[in-house]
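What follows is a set of notes on a single structure, which appears directly below.
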Amino acid sequence: DARHQELVDRLDSELGEAVLDRASVFGMPVVRVRRIDWRAVAEVAKGSLECDYLSFISGIDWMPAPKEGGDDAGSDTSAPVQPTETTYGAAGSEGRFQVFARVQSTHRHWGITVKADVDDDSLLVQSWVPVYATVLAR
Numbered sequence: 058d059a060r061h062q063e064l065v066d067r068l069d070s071e072l073g074e075a076v077l078d079r080a081s082v083f084g085m086p087v088v089r090v091r092r093i094d095w096r097a098v099a100e101v102a103k104g105s106l107e108c109d110y111l112s113f114i115s116g117i118d119w120m121p122a123p124k125e126g127g128d129d130a131g132s133d134t135s136a137p138v139q140p141t142e143t144t145y146g147a148a149g150s151e152g153r154f155q156v157f158a159r160v161q162s163t164h165r166h167w168g169i170t171v172k173a174d175v176d177d178d179s180l181l182v183q184s185w186v187p188v189y190a191t192v193l194a195r
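Residues in the sequence shown are numbered consecutively from 58, following the working numbering.
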C-alpha cells in the first residue's frame, strides 16, 4: 500500500538508525525501534506523521506460558495449543520483553504499530503520556 510505504519512509527519514526492523502484518506496517528512541517515536508519530490517535499501548513477554497441567500433562487435555518455543512476531526482538503501541491518523487514514525491546533487568521505557495525554471523564 502506497500510503503505508509513505508512512514508513517518513518515519525512516525522521528517525534514521533508530528504526531497527520493519514488517507488514495484514498490510499494516510494524516497526521495531531502539529502546532509547521510544519516546522520540511518539513525538514523530504525533507531529510529522500526523498520528493523532493512540489506539493502544502495551507490553508483552514472549516467553511461552508453562504447559497447562505441567510438563507431564497428557496431550488429551482440552487446553488450547500453547507454544513451546519463544517467537517474536513481526519485526523481531532481541529479548524476552517488548513494549508496543498502535497509533493512527484520523484524517490521513493511516496507522503504524511501533515496538521496542525492553531491558530484562529494568523493564522501563520512557512514557508516552506527555505526548498522547488525555483527559479522563468522571
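We put the beta carbon where it would ideally sit given N, CA and C, even for glycine.
Small disclaimer: the values here were computed from a predicted structure and weren't measured.
| Check | Outcome |
| --- | --- |
| Output needed for residue 82: all residues of its chain with C-beta closer than 6 Å, excluding positions within five of it in sequence on either side, in chain order. | 147 |
| What does the alpha-carbon distance come out to for the pair residue 69 and residue 156? | 19 Å |
| Looking only at its chain, what residues have a beta carbon closer than 6 Å to the beta carbon of residue 165, apart from the 5 residues adjacent to it on each side? | 107 |
| Could you compute how far the alpha carbon of residue 62 sits from the alpha carbon of residue 159? | 16 Å |
| Work out the CA separation of residue 88 and residue 66 for me, nearest whole Å. | 11 Å |
| What does the alpha-carbon distance come out to for the pair residue 58 and residue 162? | 16 Å |
| So, at 8 Å on beta carbons, what are the nonlocal neighbours of residue 78 in its own chain, with the 5 sequence-adjacent residues on each side left out? | 88, 89, 148, 149 |
| Give me the Cβ distance between residue 80 and residue 91, rounded to the nearest whole Å; I'm assuming they're in contact under 8 Å. | Actually they do not touch by this definition, with Cβ atoms about 16 Å apart. |
| I believe residue 185 touches residue 97 by the beta-carbon criterion, under 8 Å. Please report the beta-carbon distance rounded to the nearest angstrom. | Not quite, the Cβ-Cβ distance comes to about 11 Å (not below 8 Å), so this is no contact. |
| Determine the extent of the alpha helix (DSSP H) in which residue 173 is found, giving its start and end residues. | No alpha helix (DSSP H) holds residue 173; the beta strand (DSSP E) holding it covers 167–175. |
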